[in-house]
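Working notes, beginning with the structure itself.
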Amino acid sequence: MADQLLFNPRSYDPAHFDPETRRLLRATVDWFEDRGKRRLIEDYRSRAWLADFLAFAAKEGLFATFLTPASAADGHQDKRWDTARIAALNEIFGFYGLDYWYAWQVTVLGLGPVWQSDNETARARAAELLSQGEVFAFGLSEKAHGADIYSTDMLLEPDSDGGFRATGSKYYIGNGNAAGLVSVFGRRTDVEGPDGYVFFAADSRHPAYHLVKNVVDSSKYVSEFRLEDYPVAAEDVLHTGRAAFDAALNTVNVGKFNLCTASIGICEHAMYEAVTHAQNRILYGRPVTAFPHVRRELTDAYVRLVGMKLFSDRAVDYFRSAGPDDRRYLLFNPMTKMKVTTEGEKVIDLMWDVIAAKGFEKDTYFAQAATEIRGLPKLEGTVHVNLALILKFMGNHLLNPAEYAPVPTRRDAADDAFLFRQGPARGLGAIRFHDWRAAYDAFGHLPNVARLREQADALCEFVTTAAPDEEQSRDLDLLLAVGQLFALVVHGQLILEQAGLTSLDEDVLDELFAVLVRDYSAHAVELHGKDSATADQQRWALSAVRRPVIDTDRSARVWQRVEALAGAYEMAP
Numbered sequence: 003m004a005d006q007l008l009f010n011p012r013s014y015d016p017a018h019f020d021p022e023t024r025r026l027l028r029a030t031v032d033w034f035e036d037r038g039k040r041r042l043i044e045d046y047r048s049r050a051w052l053a054d055f056l057a058f059a060a061k062e063g064l065f066a067t068f069l070t071p072a073s074a075a076d077g078h079q080d081k082r083w084d085t086a087r088i089a090a091l092n093e094i095f096g097f098y099g100l101d102y103w104y105a106w107q108v109t110v111l112g113l114g115p116v117w118q119s120d121n122e123t124a125r126a127r128a129a130e131l132l133s134q135g136e137v138f139a140f141g142l143s144e145k146a147h148g149a150d151i152y153s154t155d156m157l158l159e160p161d162s163d164g165g166f167r168a169t170g171s172k173y174y175i176g177n178g179n180a181a182g183l184v185s186v187f188g189r190r191t192d193v194e195g196p197d198g199y200v201f202f203a204a205d206s207r208h209p210a211y212h213l214v215k216n217v218v219d220s221s222k223y224v225s226e227f228r229l230e231d232y233p234v235a236a237e238d239v240l241h242t243g244r245a246a247f248d249a250a251l252n253t254v255n256v257g258k259f260n261l262c263t264a265s266i267g268i269c270e271h272a273m274y275e276a277v278t279h280a281q282n283r284i285l286y287g288r289p290v291t292a293f294p295h296v297r298r299e300l301t302d303a304y305v306r307l308v309g310m311k312l313f314s315d316r317a318v319d320y321f322r323s324a325g326p327d328d329r330r331y332l333l334f335n336p337m338t339k340m341k342v343t344t345e346g347e348k349v350i351d352l353m354w355d356v357i358a359a360k361g362f363e364k365d366t367y368f369a370q371a372a373t374e375i376r377g378l379p380k381l382e383g384t385v386h387v388n389l390a391l392i393l394k395f396m397g398n399h400l401l402n403p404a405e406y407a408p409v410p411t412r413r414d415a416a417d418d419a420f421l422f423r424q425g426p427a428r429g430l431g432a433i434r435f436h437d438w439r440a441a442y443d444a445f446g447h448l449p450n451v452a453r454l455r456e457q458a459d460a461l462c463e464f465v466t467t468a469a470p471d472e473e474q475s476r477d478l479d480l481l482l483a484v485g486q487l488f489a490l491v492v493h494g495q496l497i498l499e500q501a502g503l504t505s506l507d508e509d510v511l512d513e514l515f516a517v518l519v520r521d522y523s524a525h526a527v528e529l530h531g532k533d534s535a536t537a538d539q540q541r542w543a544l545s546a547v548r549r550p551v552i553d554t555d556r557s558a559r560v561w562q563r564v565e566a567l568a569g570a571y572e573m574a575p
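With the numbering used here as the guide, the letters of the sequence shown map in order to residues 3 to 575.
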């Protein structure tokens with residue numbers, strides 16, 4: 003019987019969605035399955051452009067249906083920006099290959115500044131391009147500055163027609179080879195400071211748009227392009243001044259959420275392969291899975307993957323329920339980007355330690371999974387950037403809870419309009435959260451949940467009695483170690499909330515929290531060893547170390563779930 007916690011194309015039935023969403027999700031799965039594993043791998047190895055996939059998506063209206071907000075849908079009832087179904091599609095794309103997900107992801111980013119704009123001409127143009135099956139691109143990063151938008155060298159010179167002439171280059175721009183519309187960030191030459199920022203729409207087919215190269219060796223076309231005296235008319239301008247800056251950051255807020263579910267899809271496909279191989283591999287007269295260390299590694303990988311899914315599913319609810327008075331998603335969003343994707347790396351590493359040389363073989367999905375899983379923590383801001391962002395919320399989240407109405411599970415067919423009117427990208431330190439303790443208390447009868455709760459309480463003590471002083475607050479190396487501890491508390495919170503909503507098997511939950519207790523202890527030891535850690539902080543760090551509660555019967559029951567994955571799915575040849 004299929005494991006209900008993992009995506010399996012053989013049994014996949016997204017019955018909780020509306021009919022058209024179900025049809026499109028199932029059609030996407032069927033397209034990949036009909037294409038087969040051999041073709042999937044060969045296209046990856048040969049770095050083929052995704053023309054066939056994009057033709058399928060255009061024929062089905064996939065991108066147009068999922069990525070056109072209701073405000074631009076011209077009354078089309080199935081078109082909306084629905085984070086729940088977007089997350090489901092991310093998982094499917096990740097399951098079959100990150101190259102497919104990437105073309106979709108950078109289309110999401112390219113659309114962000116457009117859907118935030120009041121420029122009705124540009125919005126109508128984007129909606130029409132989507133309906134024609136075009137892809138989009140997000141022209142933010144530059145070779146010399148990365149994503150440091152304060153330092154952009156894309157320069158807009160005012161012209162005599164009331165528009166601009168744009169000159170400059172962009173780097174790391176996905177779909178830059180084929181995008182019908184590229185949202186490009188630059189600055190005016192005649193205006194100093196933030197008032198000079200401009201977001202404008204460019205066309206990759208224009209003669210003043212010069213495609214330089216694909217900067218990666220991949221089917222993903224991550225382009226360098228250059229504009230030379232590119233004409234920017236008034237109808238091409240999406241945002242000016244501070245609004246352009248906010249549009250850049252808010253677009254990344256929307257787009258970075260997609261990384262977690264792509265990571266989940268990669269891990270799920272790889273897990274089917276890994277467990278099946280390990281179960282069938284005979285070593286010293288026994289299946290590889292008979293060895294205790296192998297069972298531990300595969301069980302840890304499984305429960306970590308379940309945790310990734312639980313956290314991400316619950317974060318969807320906060321994303322969709324967000325508004326001007328509820329911006330909690332601004333913590334949970336970088337958590338999905340940073341924590342879930344780094345968990346994905348751990349899941350792959352654990353399985354790779356088991357299957358060893360098999361993970362390099364060219365006819366496996368695992369070989370590409372082991373490569374592609376590395377990219378997700380490094381996209382849309384590094385792990386360090388997102389950890390630093392998460393730290394802004396620590397004081398209020400741990401120590402200063404506020405009252406909120408409970409956030410329900412959000413799988414309704416609604417348009418997530420707030421994502422394109424998030425407003426100024428500031429004031430993060432003032433955001434309040436509901437009391438994290440309630441989620442832990444609901445499962446306090448599970449020994450490892452109770453143990454991580456002890457460690458979370460210890461972190462509150464750290465913040466009030468041994469927090470970094472003014473000088474240490476400039477030591478990012480120390481702060482990031484603290485950030486990892488805080489991230490584990492938040493990670494556990496949303497996992498527990500989702501576990502309560504889905505009646506998760508408590509064996510799986512407690513086994514997962516045994517892993518998280520070990521993780522917390524490891525990060526505490528890391529903090530203890532930091533160069534600038536004070537004596538008080540060192541003492542606190544060691545006092546926060548805990549051993550998880552061991553239950554061999556519980557672990558054996560969870561192992562049975564893992565073992566059952568052997569042969570549960572193999573992609574059609």
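All C-beta atoms, glycine included, are put in the ideal place defined by N, C-alpha and C.
Write down every uninterrupted run of the beta strand (DSSP E) in the segment 233-259 whose length is 3 residues or greater and which is fully enclosed by it, in chain order.
239-242
Cβ-based neighbour list, T467, same chain, cut-off 8 Å, excluding 5 preceding and 5 following:
As a working mapping, residue 467 is identified with position 465 in the sequence shown. Result list for T467: D538 and W542, in chain order.
To the nearest whole angstrom, what separates the beta carbons of H493 and F227, a pair I think is in contact under 8 Å?
By one-based count along the sequence shown, residue 493 stands at place 491. By one-based count along the sequence shown, residue 227 stands at place 225. The Cβ separation is near 38 Å, so there is no contact.
What do you get for S185, buried or exposed, if any count of 16 or more other CB atoms within 10 angstroms of its CB means buried?
Along the sequence shown, one-based indexing puts residue 185 at 183. It is buried - the Cβ of S185 has at least 16 other Cβ atoms within 10 Å.
Could you give the DSSP three-state label for H78: helix, strand or coil?
Position 76 of the sequence shown holds residue 78. Three-state result, H78: coil.
Looking only at its own chain, which residues have a Cβ that is under 6 Å from the Cβ of P336, when we skip the five neighbours before and after it?
Working through the sequence shown from its first residue, we reach residue 336 at position 334. Result list for P336: N388, L391 and I392, in chain order.
For L503 and A126, what's the separation of their Cα atoms in angstroms?
Within the sequence shown, numbered from 1, the residue matching residue 503 stands at position 501. Within the sequence shown, numbered from 1, the residue matching residue 126 stands at position 124. Roughly 40 Å between the two C-alpha positions.
Nearest to Q118 (by Cα), restricted to the options V256, H271 and V349
In the sequence shown, counting from the first residue as 1, residue 118 sits at position 116. The option with the nearest alpha carbon to Q118 is V256.
Residue interval of the beta strand (DSSP E) (run including P160):
Position 158 of the sequence shown, counted from the start, is the residue given in the question as residue 160. Looking at the DSSP string, the run of the beta strand (DSSP E) that includes P160 is L157 to P160.
Helix, strand or coil, according to DSSP, for A139 in the structure here?
Along the sequence shown, one-based indexing puts residue 139 at 137. Strand, per DSSP.
Can the beta-carbon of F140 be found less than 7 Å from the beta-carbon of G96?
Here the question's residue 140 lines up with position 138 in the sequence shown. Here the question's residue 96 lines up with position 94 in the sequence shown. No, these two residues do not count as a Cβ contact at 7 Å.
With a threshold of 8 Å, are at least 3 pairs of Cβ atoms found where one atom belongs to the segment 244-260 and the other to the segment 186-205?
yes
D150 versus F435: straight-line alpha-carbon distance, rounded:
Residue numbering aside, residue 150 sits at position 148 when the sequence shown is read from its first letter. Residue numbering aside, residue 435 sits at position 433 when the sequence shown is read from its first letter. Their backbone Cα atoms lie some 30 Å apart in a straight line.
Among Y320, L529, G361 and G397, which residue has its Cα nearest to the Cα of R413?
If you number the sequence shown from 1, residue 413 lands on position 411. When only C-alpha atoms are compared, the closest one is Y320.
On the DSSP letters alone, give me the boundaries of the beta strand (DSSP E) that Y152 sits inside.
Sequence index remark: in the sequence shown, residue 152 carries index 150 (1-based). From DSSP, Y152 is part of no beta strand (DSSP E); its letter is neither H nor E.
Is the beta carbon of F512 less than 7 Å from the beta carbon of W83?
Taking the first residue of the sequence shown as position 1, residue 512 is located at position 510. Taking the first residue of the sequence shown as position 1, residue 83 is located at position 81. This sequence places Asp at residue 512; Phe is not what is there. No, they are not a contact pair.
Hey, could you find the ends of the beta strand (DSSP E) V560 is sitting in?
For this step, residue 560 is matched to residue 558 along the sequence shown. Counting along the chain, V560 falls outside any beta strand (DSSP E), though it belongs to the alpha helix (DSSP H) covering T554 to E565.
Could you tell me the distance, in whole angstroms, from the CA atom of F293 to the CA atom of V551?
Here the question's residue 293 lines up with position 291 in the sequence shown. Here the question's residue 551 lines up with position 549 in the sequence shown. Distance between the alpha carbons of F293 and V551 is about 22 Å.
Beta-carbon gap between L240 and A89 smaller than 7 Å
Within the sequence shown, residue 240 is the residue found at index 238, counting from 1. Within the sequence shown, residue 89 is the residue found at index 87, counting from 1. Their beta carbons are not under 7 Å apart, which means L240 does not touch A89 by this criterion.
CA-to-CA distance, L100 to L454, given in whole angstroms:
Start at 1 with the first residue of the sequence shown, and residue 454 comes out as number 452. Start at 1 with the first residue of the sequence shown, and residue 100 comes out as number 98. The straight-line gap from Cα to Cα measures roughly 34 Å.
Do you know how far the Cα of T301 is from the Cα of L26?
In the sequence shown, residue 26 corresponds to position 24, counting from 1. In the sequence shown, residue 301 corresponds to position 299, counting from 1. Near 33 Å, if we compare the C-alpha coordinates of T301 and L26.
Segment contact, 8 Å Cβ cut-off, at least three pairs: the segment 267-282 with the segment 350-359
yes
Mind listing, in chain order, the continuous beta strand (DSSP E) runs of no fewer than 3 residues lying wholly within the segment 340-410?
none
Any contact of the segment 399-409 with the segment 366-378, i.e. 3+ C-beta pairs under 8 Å?
no
Taking G77 as the reference, give the member of A86, T67 and T85 with the closest Cα.
Within the sequence shown, numbered from 1, the residue matching residue 77 stands at position 75. Of the candidates A86, T67 and T85, the one whose C-alpha sits nearest the C-alpha of G77 is T67.
Is the Cβ-Cβ distance between F166 and V234 less than 7 Å?
Counted from its first residue, the sequence shown places residue 166 at position 164. Counted from its first residue, the sequence shown places residue 234 at position 232. For F166 and V234, yes; Cβs fall inside 7 Å.
Could you check the C-alpha separation between S475 and H525 for me, to the nearest Å?
Within the sequence shown, numbered from 1, the residue matching residue 475 stands at position 473. Within the sequence shown, numbered from 1, the residue matching residue 525 stands at position 523. Each residue's alpha carbon lies about 18 Å from the other.
Going by C-alpha distance, which of M156, L158 and F65 is nearest E130?
By 1-based counting over the sequence shown, the position of residue 130 is 128. Measuring from the Cα of E130, the nearest candidate turns out to be F65.
The beta strand (DSSP E) with N216 in it runs from where to where?
For the purposes of this step, residue 216 is taken as the residue at position 214 of the sequence shown. First-last of the beta strand (DSSP E) with N216: Y211 to N216.
Is it buried or exposed, I175, if we count other Cβ atoms within 10 angstroms and call 16 or more buried?
Your numbering for residue 175 matches position 173 in the sequence shown. Buried, since its Cβ has 16 or more Cβ neighbours within 10 Å.
Based on the DSSP secondary-structure assignment, which residues constitute the bridge partners of R541?
Counted from its first residue, the sequence shown places residue 541 at position 539. None; R541 has no bridge partner.
Relative to the C-alpha of P449, which residue among V254, E508 and A460 is closest?
Within the sequence shown, the letter at position 447 stands for residue 449. Selected option, being the one with the closest Cα: E508.
For N282, count the other beta carbons within 10 Å of its own beta carbon; 16 or more makes it buried, fewer makes it exposed. Which is it?
Residue mapping note: residue 282 aligns to position 280 of the sequence shown, counting from 1. Counting Cβ neighbours within 10 Å, N282 comes out exposed, since fewer than 16 surround it.
Starting from T169 and walking both ways along the beta strand (DSSP E), at which residues does that stretch end?
Locating residue 169 in the sequence shown gives position 167, where the first residue counts as 1. Residues F166 to G176.
Would R49 and S221 qualify as a contact pair, given that the criterion is a beta-carbon distance under 7 Å?
Here residue 49 is taken as the residue at index 47 of the sequence shown, counted from 1. Here residue 221 is taken as the residue at index 219 of the sequence shown, counted from 1. In contact: R49 and S221 (Cβ atoms closer than 7 Å).
For N252 versus Y223, is the C-beta distance shorter than 7 Å?
Mapped onto the sequence shown, residue 252 falls at position 250. Mapped onto the sequence shown, residue 223 falls at position 221. Result no, Cβ atoms of N252 and Y223 do not sit closer than 7 Å.
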